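I have placed the structure first, in the form of structure tokens, so that the comments after it can refer back to it.
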Ligand code: C2O
Ligand code: CU
């Protein structure tokens, strides 16, 4: 394959090998030795990866691997994870994206772990918290770079009673994207990358480009898809296989929903059951999606193959059907408070050139300013208004929310199903209305999950009292 003779193409991006067997993510071992507790250690620090034959790529990794180890814990358990920051000269944190953790354990930018220091994150996983979460750094001003250099991992909370048949397996697919120079190094961002968010040359699945999965004919597979890229929108379809959505950011839906395609904006997750009923190859591919861009350098995303599935002729053992009902979701009900958050981009000329501002309600993030004060237990209606030229995936810490309505060009749309979400894309010119209720006091972040935008100021602080 390509990737061997790069001498003549010194300025071109590196080519990566494709078609290797899909690696399972390494599992983070539970060292507690007693039931009810998940205890482990995660060390963030420099490592090297081999993406291209004969070339070492310096990366950042958790416990030496990128994506980081898969964490699998259970509803009802207590989690105690010692975080060791071994990134030279940089603060870091671990943010437990989407998880119901106390504010002091949330790994937010106000609570950094200094280079060389350790800290313990401890929290309980309540009943009903089963879902597909993830973890990543969240230090002030360094989040985007630490994530694109390799720091992100999946965190699955397993249900006590799972309605999805075990025969479907349970495979986590963590999407990251990589920009790689021919010499194997990751280049610095340009000004345009900073404005758009860094989008890589290669979309990787569990660290591999277009890996291969082998299944038997008639098999159904449970796949958890994580968009852990900084800024890439993944509009996905399965060729030659049938997709059913069974879960969102915060766990299972009420009932399965057949889907021809899904849009996964940065930080979103989806749980699928995919039925491989036709022999030959099936593949997970990308469709074009225009999320709005500044300047040149847009990725050509239509028609990329992210994962190839070889469906064997030998039939699978008979698979139990997916239940018609997965779990009840109680609607959040009537709000007593409503808020409006307006996302804008501004442009200014300064001696260094053109500079863009990424603002919420006219303000850039200030660590010393509380933007919203809320009461624990109140149901609130949040209206997220995108008046900017790019889509901005909105993320709220501390709880999951329910999207109730979208409005664009004067047209209202209800979401097709009720779901728990912690990240929702707000397209250019769109307004998204959602219901949210914070249960725990303390400071919480809300921000655009294009991490470069978060870093440039599209973030605020919610103080829950
Ligand atoms: Cu995934 Cu505030 O982050
Ligand atoms: Cu944004």
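In full-length UniProt numbering, the protein residues as written are 43 to 507.
In this text, a Cβ means the ideal position worked out from N, Cα and C, and glycines have one as well.
The structure displayed is predicted, hence computed values, not measured ones.
Check: Considering Cα atoms alone, identify which of 331, 295 and 336 is closest to residue 233.; Outcome: 336
Check: My understanding is that residue 360 touches residue 259, with C-beta atoms under 8 Å, so please give their C-beta distance in whole angstroms.; Outcome: With 8 Å as the limit, residue 360 and residue 259 do not qualify as a contact, their Cβ atoms being about 12 Å apart.
Check: At which residue ranges does the stretch 328 to 363 contain complete alpha helix (DSSP H) runs of 4 or more residues, listed in the order of the chain?; Outcome: none
Check: Start and end of the alpha helix (DSSP H) containing residue 150?; Outcome: First-last for residue 150: undefined, no H or E at that position.
Check: Just mark residue 366 as buried or exposed, buried being the case when its beta carbon has 16 or more other beta carbons within 10 Å.; Outcome: exposed
Check: Could you tell me whether the Cβ atoms of residue 437 and residue 491 are closer together than 7 Å?; Outcome: yes
Check: Which residue wins for smallest C-alpha separation from residue 494, given the options 313, 448, 241 and 286?; Outcome: 241
Check: May I have all residues whose beta carbon comes closer than 6 Å to any heavy atom of ligand 1, sorted in chain order?; Outcome: 137, 139, 178, 180, 309, 437, 439, 487, 489 and 491
Check: Ligand 2 and residue 116: does any heavy atom of the ligand fall closer than 6 Å to the residue's C-beta?; Outcome: no
Check: Quick one: which unbroken beta strand (DSSP E) runs of 3-plus residues sit fully inside the stretch 114 to 151? Chain order, please.; Outcome: 120 to 127 and 137 to 139
Check: Taking the alpha carbon of residue 261 as the reference point, which residue from 326, 354 and 251 has its own alpha carbon closest?; Outcome: 354
Check: Is the CB-CB distance between residue 275 and residue 307 below 7 Å?; Outcome: yes
Check: Just to confirm, are residue 6 and residue 63 a CB contact at a threshold of 7 Å?; Outcome: The question about residue 6 has no answer here: the residues shown for the chain are numbered 43 through 507.
Check: Would you say the beta carbon of residue 182 comes nearer than 6 Å to a heavy atom of ligand 2?; Outcome: no
Check: To the nearest angstrom, how far is the alpha carbon of residue 49 from that of residue 230?; Outcome: The pLDDT assigned to residue 49 is 32, lower than 50, so where the model puts this residue is not dependable; a value taken from the coordinates is nonetheless given after this. So the alpha carbons of these two residues sit roughly 21 Å apart.
Check: How about residue 326 and residue 348: are their beta carbons less than 7 Å apart?; Outcome: yes
Check: State yes or no: is the C-beta of residue 70 within less than 7 Å of the C-beta of residue 100?; Outcome: no
Check: Using CA atoms only, rank isn't needed, just tell me which of 189, 313 and 84 is closest to residue 300.; Outcome: 313
Check: Rounded C-beta distance between residue 216 and residue 67? I'm assuming under 8 Å.; Outcome: 7 Å
Check: If you compare alpha carbons, which of 475, 155, 117 and 144 is closest to residue 131?; Outcome: 155
Check: Could you give the uninterrupted runs of the beta strand (DSSP E) lying entirely in the UniProt domain "Plastocyanin-like" (395 to 506), keeping only those of 3 residues or more?; Outcome: 395 to 402, 414 to 416, 422 to 428, 434 to 438, 443 to 450, 453 to 455, 465 to 468, 472 to 478, 484 to 490 and 501 to 506
Check: Contact check, residue 504 vs residue 486 under 8 Å by CB: the rounded distance?; Outcome: 4 Å
Check: Check whether the Cβ of residue 244 sits closer than 6 Å to any heavy atom of ligand 2, and report yes or no.; Outcome: no
Check: Could you give the residue range of the beta strand (DSSP E) that holds residue 389?; Outcome: 379 to 392
Check: Is it the case that the Cβ atoms of residue 136 and residue 82 are separated by a distance below 7 Å?; Outcome: no
Check: Hey, residue 316 and residue 263 are a contact pair by Cβ (cut 8 Å); roughly how many whole angstroms apart?; Outcome: 5 Å
Check: Just grab the DSSP bridge partners of residue 259 for me.; Outcome: 357
Check: If you measure between the beta carbons of residue 489 and residue 468, is that distance less than 7 Å?; Outcome: no
Check: Any chance the stretch 137 to 150 sits against the stretch 397 to 417, with 3 or more Cβ pairs inside 8 Å?; Outcome: no
Check: Identify, in the order they occur along the chain, each residue of the same chain with its Cβ nearer than 7 Å to the Cβ of residue 297, setting aside the five sequence neighbours on each side.; Outcome: 366, 367 and 368
Check: Sort 304, 318, 116 and 213 by Cα distance to residue 65 and report the nearest one.; Outcome: 213
Check: Sorted by chain position, which residues of the same chain lie with C-beta nearer than 6 Å to residue 430's C-beta, five sequence neighbours on each side aside?; Outcome: 385, 386 and 387
Check: I need the DSSP call for residue 279, collapsed to helix, strand or coil.; Outcome: strand
Check: I need the straight-line Cα distance from residue 380 to residue 474, nearest angstrom please.; Outcome: 13 Å
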